[in-house]
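Only one structure is covered here, and it is reproduced in the block below.
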Amino acid sequence: MSEKRTGAQVMCEALIRNGVEVMFGIPGGAIMPFYYAMWDYRDKLRHVLCRHEQGAGHAAEGYARATGRLGVCIGTSGPGATNLVTAIADAMMDSTPILAITGQVASHVLGKDAFQETDITGITMPITKHNYLVKRAEDLPYVFEEAIYIATTGRPGPVLIDVTKDAQQATIVPDWNIKLDLPGYKPNYRPNLKQVREAIKLILSAKKPLIIAGHGVIMSGAVEELRAFAERTRIPVITTLHGIGAFPEDHPLSIGMPGMHGWVHVNRAIQECDVLFNIGGRFDDRVTGKASTFAPNAKVIHVDIDPSEIGKNVKVTVPIVADARLALQAFLNEFPPDREAFAELHGHASDWMEHIREMQAKHQPKQQYFNRADTENMSLPPHDVYAALTKALNSRGNYRVVTDVGQHQMWAAQLIDWYRPRTHITSGGAGTMGFALPAALGVAIACPNDTVWVICGDGGFQMTNQEMATIVQEGIKNVKVAVINNGYLGMVRQWQELFENKRYSGTPLSGPDFAKLAEAYYWKGITVEHTSQVEAAIEEAYATDGPVLIDFRVEREVNVFPMVPQNKSISEMILESPHKS
Amino acid sequence: MKKHTIVALVQDRPGVLSRVVGLIRRRGFNIESLAVGHSETPGVSRMTIVVEWEDVEQVVKQLYRLIEVLKVSDVTNDPTVEREMALMKLHAPPAKRPEIVALTEVFDAKIVDVGANTMVIEMTGSPAKVQNFIDVIRPYGIREMMRTGRIAMVRGARGHTAEEYVESANGHAERVPVAN
Ligand SMILES: Cc1ncc(C[n+]2csc(CCOP(=O)(O)OP(=O)(O)O)c2C)c(N)n1
Ligand SMILES: [Mg+2]
Numbered sequence: 017m018s019e020k021r022t023g024a025q026v027m028c029e030a031l032i033r034n035g036v037e038v039m040f041g042i043p044g045g046a047i048m049p050f051y052y053a054m055w056d057y058r059d060k061l062r063h064v065l066c067r068h069e070q071g072a073g074h075a076a077e078g079y080a081r082a083t084g085r086l087g088v089c090i091g092t093s094g095p096g097a098t099n100l101v102t103a104i105a106d107a108m109m110d111s112t113p114i115l116a117i118t119g120q121v122a123s124h125v126l127g128k129d130a131f132q133e134t135d136i137t138g139i140t141m142p143i144t145k146h147n148y149l150v151k152r153a154e155d156l157p158y159v160f161e162e163a164i165y166i167a168t169t170g171r172p173g174p175v176l177i178d179v180t181k182d183a184q185q186a187t188i189v190p191d192w193n194i195k196l197d198l199p200g201y202k203p204n205y206r207p208n209l210k211q212v213r214e215a216i217k218l219i220l221s222a223k224k225p226l227i228i229a230g231h232g233v234i235m236s237g238a239v240e241e242l243r244a245f246a247e248r249t250r251i252p253v254i255t256t257l258h259g260i261g262a263f264p265e266d267h268p269l270s271i272g273m274p275g276m277h278g279w280v281h282v283n284r285a286i287q288e289c290d291v292l293f294n295i296g297g298r299f300d301d302r303v304t305g306k307a308s309t310f311a312p313n314a315k316v317i318h319v320d321i322d323p324s325e326i327g328k329n330v331k332v333t334v335p336i337v338a339d340a341r342l343a344l345q346a347f348l349n350e351f352p353p354d355r356e357a358f359a360e361l362h363g364h365a366s367d368w369m370e371h372i373r374e375m376q377a378k379h380q381p382k383q384q385y386f387n388r389a390d391t392e393n394m395s396l397p398p399h400d401v402y403a404a405l406t407k408a409l410n411s412r413g414n415y416r417v418v419t420d421v422g423q424h425q426m427w428a429a430q431l432i433d434w435y436r437p438r439t440h441i442t443s444g445g446a447g448t449m450g451f452a453l454p455a456a457l458g459v460a461i462a463c464p465n466d467t468v469w470v471i472c473g474d475g476g477f478q479m480t481n482q483e484m485a486t487i488v489q490e491g492i493k494n495v496k497v498a499v500i501n502n503g504y505l506g507m508v509r510q511w512q513e514l515f516e517n518k519r520y521s522g523t524p525l526s527g528p529d530f531a532k533l534a535e536a537y538y539w540k541g542i543t544v545e546h547t548s549q550v551e552a553a554i555e556e557a558y559a560t561d562g563p564v565l566i567d568f569r570v571e572r573e574v575n576v577f578p579m580v581p582q583n584k585s586i587s588e589m590i591l592e593s594p595h596k597s
Numbered sequence: 063m064k065k066h067t068i069v070a071l072v073q074d075r076p077g078v079l080s081r082v083v084g085l086i087r088r089r090g091f092n093i094e095s096l097a098v099g100h101s102e103t104p105g106v107s108r109m110t111i112v113v114e115w116e117d118v119e120q121v122v123k124q125l126y127r128l129i130e131v132l133k134v135s136d137v138t139n140d141p142t143v144e145r146e147m148a149l150m151k152l153h154a155p156p157a158k159r160p161e162i163v164a165l166t167e168v169f170d171a172k173i174v175d176v177g178a179n180t181m182v183i184e185m186t187g188s189p190a191k192v193q194n195f196i197d198v199i200r201p202y203g204i205r206e207m208m209r210t211g212r213i214a215m216v217r218g219a220r221g222h223t224a225e226e227y228v229e230s231a232n233g234h235a236e237r238v239p240v241a242n
């Protein structure tokens with residue numbers, strides 16, 4: 017055990033000890049010793065060579081989001097490290113456990129503007145959960161252990177380790193007898209039972225209770241508990257963008273997504289409810305709209321593992337700092353077996369649900385997109401793509417969907433039927449265009465038996481499309497891409513249409529022939545221009561033993577509705593374009 | 063906006079000061095003063111931060127997100143002993159010296175260096191008292207001045223010892239496995 021190792025070998029062994037199997041990265045001068053060592057461990061540590069470090073970072077995120085396990089990405093010093101920054105920031109916003117490993121110039125030239133030196137720990141300080149600069153090989157076993165522990169526990173997040181080249185090269189006898197010294201880091205997983213009982217009292221007194229389920233339900237693996245709790249109390253359940261899959265949408269208690277592009281009946285229900293039980297969501301401003309007008313009649317119960325989220329945007333009556341799963345288990349245990357209390361709650365809940373369903377029927381959320389008069393003369397309304405995709409996903413099962421950022425992303429959240437956790441993966445908090453394709457690479461490696469669909473805009477796809485080459489080099493066949501090609505930075509164009517008098521400043525967008533581009537990368541490329549071709553194209557994608565891209569050339573100026581204008585109350589929803597062209 | 067005095071116990075690791083400052087800077091607040099040094103326990107530092115804040119509670123919570131932060135208290139409304147030190151180099155030709163000496167005696171300040179035409183005075187006291195002294199002495203001509211920023215300690219048995227927060231330093235905290 018006490019054999020000599022180089023720092024770089026220690027890094028590999030530390031990763032293996034912590035269960036890491038895959039890493040995404042690009043080598044360069046300052047990280048070469050790590051790549052040199054990696055060669056000896058290649059049976060256990062698979063390295064995936066990406067085409068851009070941002071892609072490596074998103075791939076690590078995709079891997080983590082699909083599995084709940086640590087994703088690992090690697091870059092060299094300087095530009096390699098700075099290229100990781102966007103993905104690290106994205107992981108921070110979406111609480112994704114990734115470890116970024118960067119090479120750094122030798123310790124004796126640190127701070128002297130050496131070739132390819134950047135202060136990456138300084139740069140990433142506000143966008144990592146924690147980061148480290150390691151200058152001595154002896155520190156590597158401890159730092160890796162602590163870094164991985166921090167990334168994957170509590171509220172997960174990105175951690176970066178910057179290792180100087182000499183620390184990678186030095187030879188030491190590693191000390192694996194590690195005791196973490198983290199007196200300031202003690203995530204609180206178990207809920208305070210007094211608070212839980214307080215919350216239950218509130219719930220039992222409610223006439224119009226709502227559950228809002230966020231990302232925390234999925235990350236903590238609380239899906240079963242949430243279902244049991246909802247069924248026992250019969251409270252309607254809302255799922256946020258990152259809560260999609262936390263509760264099956266075909267469940268009679270599911271009512272859908274809230275917020276800026278949430279459904280009318282959901283936002284109205286929030287505005288009317290008297291008790292709002294938020295489990296593992298952070299009341300993001302895309303959910304609340306203007307926070308001071310959000311849920312004006314509600315007493316709020318908020319379960320979050322991160323105390324700094326509670327009371328940040330919305331006033332909370334009962335705060336509960338805990339892991340969502342352990343909290344829900346406590347709720348299930350503590351719920352009184354008092355049948356009368358239950359009967360009353362159930363009575364209220366079913367009247368309330370009836371009211372919500374009436375609102376829903378009136379606004380016909382999904383149907384408002386389909387079978388509409390104004391889509392009749394469109395050769396390919398985007399919604400026809402989603403209808404066909406939904407059909408294919410439902411009939412074939414075993415899928416993951418990774419979406420990018422923009423209109424296509426919101427349509428995917430709205431129009432596809434979601435049932436299971438970790439099947440919907442997107443960049444929510446940061447809204448990072450270019451996320452989808454590289455993230456799908458990570459998802460595809462993590463889930464080789466699933467078909468991984470990428471739904472991406474023509475704008476976002478052009479930001480990271482070079483990872484098509486990575487997918488081919490790795491022999492990945494289970495990635496299928498649907499480019500929702502509207503020739504615009506569509507979501508921005510929509511804002512310009514609705515709020516800026518159609519000044520399409522900087523939003524019309526040309527692209528390559530995406531099918532040909534795909535072919536150039538040795539993918540199969542298909543172009544679809546008419547609704548009649550959609551199903552056949554999707555069938556062909558499934559029938560093809562390899563990656564496929566479908567360029568859906570959709571109607572160019574279609575909007576995502578409903579929409580709550582930025583910083584307006586969620587009561588103020590726009591349901592259709594004020595000016596029909 | 064109200065001025066707040068925050069006392070933080072932090073693990074003494076490289077970068078911790080930068081992290082704390084970065085968190086405050088991110089919100090666009092100006093730090094009026096910040097003093098940091100060793101606490102009574104090796105490996106633990108104590109910081110006193112004076113800043114104008116609206117929602118101190120939120121910032122305090124966010125400070126806890128930092129891995130090295132052990133304890134943060136807003137002591138603004140607590141009974142505290144607050145001290146600051148200032149060093150002033152005065153323009154002090156021989157003719158003016160008797161007046162300056164008299165003033166330093168009144169304020170309990172110390173003359174720590176005397177040059178041909180200069181004097182260095184050390185003034186320690188509550189921030190208000192230090193400010194008072196500076197106002198009084200300014201007309202004589204301050205050539206250089208340095209202030210340490212305030213340090214604050216809660217009176218009596220209240221307050222937090224560093225030891226309370228390091229005792230459970232060893233071993234892993236509970237790790238809840240992530241289910242799929
Ligand atoms: C990296 C990055 N740059 C800019 C934006 C701002 N932005 C948000 S949505 C959007 C338009 C996306 O266009 P496209 O990828 O074609 O998707 P669409 O909205 O047309 O479906 C833009 C530019 C962003 N979210 N991310
Ligand atoms: Mg577009």
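Read top to bottom, the protein sequences are chains A and B.
Numbering-wise, the numbering used here puts 34 at position 18 of the first sequence, and it's gapless, one number per residue.
Numbering-wise, the numbering used here puts 206 at position 144 of the second sequence, and it's gapless, one number per residue.
Each residue gets a CB set at the ideal place from its N, CA and C atoms; glycine is no exception.
**Message:** Please determine whether the Cβ atom of Ile566(A) lies at a distance below 8 Å from any heavy atom of ligand 2.
**Reply:** Against the first sequence, residue 566(A) aligns to sequence position 550. No; taking the cut-off as 8 Å, the Cβ of Ile566(A) has no heavy atom of ligand 2 nearer than that.
**Message:** Please list the terminal residues of the continuous beta strand (DSSP E) segment that includes Trp427(A).
**Reply:** In the first sequence, counting from the first residue as 1, residue 427(A) sits at position 411. Taken as a continuous stretch (DSSP letters only), Trp427(A) belongs to no beta strand (DSSP E), being part of the alpha helix (DSSP H) at Gln423 to Leu431.
**Prompt:** Is it right to say Trp55(A) is buried, meaning 16 or more other beta carbons lie within 10 angstroms of its own, or is it exposed?
**Reply:** Here residue 55(A) corresponds to residue number 39 of the first sequence, with the count starting at 1. So Trp55(A) counts as exposed.
**Item:** As assigned by DSSP and simplified to three states, the class of Asp136(B)
**Value:** As a first step, residue 136(B) must be located in the second sequence, where it is residue number 74. In this structure, Asp136(B) counts as strand in the three-state DSSP scheme.
**Prompt:** Gly99(B) touches chain A at which residues, Cβ-Cβ below 7 Å?
**Reply:** Translated into positions along the second sequence, residue 99(B) becomes position 37. The contacting residues do not exist; Gly99(B) stays about 18 Å from chain A at best.
**Asked** Along chain A, in chain order, which residues have C-beta atoms closer than 7 Å to that of Glu102(B)?
**Response** Position 40 of the second sequence, counting from 1, holds the residue named residue 102(B). Going along chain A, no residue has its Cβ under 7 Å from Glu102(B), so there is no contact; the nearest lies around 15 Å.
**Request:** In the DSSP assignment, find the beta strand (DSSP E) that holds Thr98(A) and state where it starts and stops.
**Result:** In the first sequence, counting from the first residue as 1, residue 98(A) sits at position 82. That residue, Thr98(A), is in no beta strand (DSSP E); its alpha helix (DSSP H) goes Pro95 to Asn99.
**Option in Asp117(B), Val131(B) and Ala154(B) with minimal Cα separation from Val83(B)** = One-based indexing of the second sequence puts residue 83(B) at position 21. Of Asp117(B), Val131(B) and Ala154(B), the residue nearest in Cα terms is Val131(B).
**Message:** To be precise: take each residue of the region 121-149 of chain B, compare its Cβ to all Cβ atoms of chain A, and keep it if any distance is under 8 Å. Which residues remain?
**Reply:** Lys123, Gln124, Tyr126, Arg127, Leu128, Ile129, Glu130, Val131 and Leu132
**Item:** Integer-rounded CB distance, given that Val174(B) should sit under 8 Å from Ile183(B)
**Value:** Numbered from 1 along the second sequence, position 121 holds the residue referred to as residue 183(B). Numbered from 1 along the second sequence, position 112 holds the residue referred to as residue 174(B). That pair is a contact at about 7 Å.
**Beta carbon proximity, Leu149(A) to chain B, threshold 9 Å** = Here the question's residue 149(A) lines up with position 133 in the first sequence. At least one chain B Cβ lies under 9 Å of Leu149(A).
**Asked** From this set, Val233(A), Leu198(A), Ser411(A) and Ala72(A), which residue's C-alpha is nearest Glu555(A)'s C-alpha?
**Response** The residue given as residue 555(A) occupies position 539 in the first sequence. Nearest of Val233(A), Leu198(A), Ser411(A) and Ala72(A) to Glu555(A), Cα basis: Ser411(A).
**Item:** Counted within 10 angstroms of its Cβ, other Cβ atoms place Thr255(A) as buried (16 or more) or exposed
**Value:** To locate residue 255(A), count along the first sequence from 1; it is residue 239. Buried.
**Item:** Cutoff 9 Å: Pro264(A) Cβ touching any chain B Cβ
**Value:** Here residue 264(A) refers to the residue found at position 248 of the first sequence. With 9 Å as the cut-off, Pro264(A) does not count as an interface residue toward chain B.
**Asked** Is there contact here, the region 545-560 of chain A with the region 523-532 of chain A, by at least three beta-carbon pairs under 8 Å?
**Response** no
**Message:** Below 8 Å on the Cβ atoms is my contact criterion, and I expect Pro199(A) with Pro157(A) to pass it. Report the Cβ-Cβ distance as a whole number of Å.
**Reply:** In the first sequence, counting from the first residue as 1, residue 199(A) sits at position 183. In the first sequence, counting from the first residue as 1, residue 157(A) sits at position 141. Going by Cβ atoms, the distance from Pro199(A) to Pro157(A) rounds to 20 Å, so no, they are not a contact pair.
**Asked** Which residues in chain B sit within 8 Å of Met141(A), going by Cβ to Cβ distance?
**Response** Residue mapping note: residue 141(A) aligns to position 125 of the first sequence, counting from 1. Result: Gly77, Ser80, Arg81 and Gly84.
**Prompt:** Exposed or buried, Ser366(A), counting other C-beta atoms within 10 Å across all chains shown (16 or more means buried)?
**Reply:** By 1-based counting over the first sequence, the position of residue 366(A) is 350. Ser366(A) comes out exposed.
**Message:** Could you compute how far the alpha carbon of Leu31(A) sits from the alpha carbon of Ala462(A)?
**Reply:** Mapped onto the first sequence, residue 31(A) falls at position 15. Mapped onto the first sequence, residue 462(A) falls at position 446. Their backbone Cα atoms lie some 17 Å apart in a straight line.
**Asked** Would the beta-carbon of Gly259(A) fall within 9 Å of that of Ala307(A)?
**Response** By one-based count along the first sequence, residue 259(A) stands at place 243. By one-based count along the first sequence, residue 307(A) stands at place 291. Taking 9 Å as the Cβ cut-off, Gly259(A) and Ala307(A) do not qualify as a contacting pair.
**Message:** Counting C-beta neighbours from all protein chains within 10 Å, is the total for Pro239(B) 16 or more, i.e. buried, or is it exposed?
**Reply:** Walking along the second sequence from the start, residue 239(B) turns up at place 177. Reliability fails at Pro239(B), whose pLDDT of 47 lies under 50, so the model's placement of it is uncertain and no value is given.
**Prompt:** Would the beta-carbon of Thr560(A) be found less than 8 Å away from any heavy atom of ligand 1?
**Reply:** In the first sequence, counting from the first residue as 1, residue 560(A) sits at position 544. No.
**Prompt:** Between Arg212(B) and chain A, is there a C-beta pair that is closer than 9 Å?
**Reply:** Locating residue 212(B) in the second sequence gives position 150, where the first residue counts as 1. It does not; no Cβ of chain A falls within 9 Å.
**Request:** Can you tell me the Cβ-Cβ gap for Pro172(A) and Thr112(A), rounded? I've got them flagged as a contact below 8 Å.
**Result:** Position 156 of the first sequence, counted from the first residue, corresponds to residue 172(A). Position 96 of the first sequence, counted from the first residue, corresponds to residue 112(A). Right, the Cβ-Cβ distance comes to about 6 Å (below 8 Å), so this counts as a contact.
**Request:** Starting from Trp469(A), follow its DSSP beta bridges and name the residues at the other end.
**Result:** As a position in the first sequence, residue 469(A) is number 453, starting the count at 1. For Trp469(A), which the question treats as bridged, DSSP gives the partners Val417(A) and Lys496(A).
**Trp115(B) versus Thr439(A) - alpha carbon distance** = Taking the first residue of the second sequence as position 1, residue 115(B) is located at position 53. Taking the first residue of the first sequence as position 1, residue 439(A) is located at position 423. Approximately 42 Å between the Cα atoms of the pair.
**Complete alpha helix (DSSP H) runs within the region 202-229 of chain B (minimum length 4 residues, chain order)** = 225-228
**Message:** Please report the distance separating the alpha-carbon of Tyr385(A) from that of Ala553(A).
**Reply:** Within the first sequence, residue 385(A) is the residue found at index 369, counting from 1. Within the first sequence, residue 553(A) is the residue found at index 537, counting from 1. So the two alpha carbons sit approximately 22 Å from each other.
**Prompt:** Is there contact here, the region 371-382 of chain A with the region 280-290 of chain A, by at least three beta-carbon pairs under 8 Å?
**Reply:** yes
**Message:** Could you check if Gln510(A) belongs to the surroundings of ligand 2, using beta carbon to heavy atom distance under 8 Å?
**Reply:** Residue mapping note: residue 510(A) aligns to position 494 of the first sequence, counting from 1. Checking the Cβ of Gln510(A) against ligand 2 gives no.
**Request:** Return yes when the Cβ of Gly261(A) is within less than 9 Å of the Cβ of Arg436(A), no when it is not.
**Result:** Position 420 of the first sequence, counting from 1, holds the residue named residue 436(A). Position 245 of the first sequence, counting from 1, holds the residue named residue 261(A). For Arg436(A) and Gly261(A), yes; Cβs fall inside 9 Å.
**Item:** Neighbour flag for Leu242(A) against chain B, beta carbons, 9 Å
**Value:** Indexing the first sequence from 1 puts residue 242(A) at position 226. Chain B contact via Cβ: absent.
**CB contact below 9 Å: Lys145(A) versus chain B** = Stepping through the first sequence from its first residue, residue 145(A) is reached at position 129. Yes - at least one Cβ of chain B is within 9 Å of the one on Lys145(A).
**Request:** Tell me whether Tyr558(A) is buried or exposed, calling it buried when 16 or more other Cβ atoms sit within 10 Å of its Cβ.
**Result:** Residue 558(A) sits at position 542 when you count from the first residue of the first sequence. The residue in question, Tyr558(A), is exposed, as its Cβ has fewer than 16 Cβ neighbours within 10 Å.
**Message:** Could you check whether the Cβ of Arg88(B) sits closer than 9 Å to any Cβ belonging to chain A?
**Reply:** Along the second sequence, read from residue 1 onward, the residue named residue 88(B) stands at position 26. Closer than 9 Å to some Cβ of chain A, the Cβ of Arg88(B) qualifies, so yes.
**Message:** Shorter than 8 Å, the distance from the beta carbon of Gln549(A) to the closest heavy atom of ligand 1, or not?
**Reply:** Along the first sequence, one-based indexing puts residue 549(A) at 533. No, the Cβ of Gln549(A) stays beyond 8 Å of every heavy atom of ligand 1.
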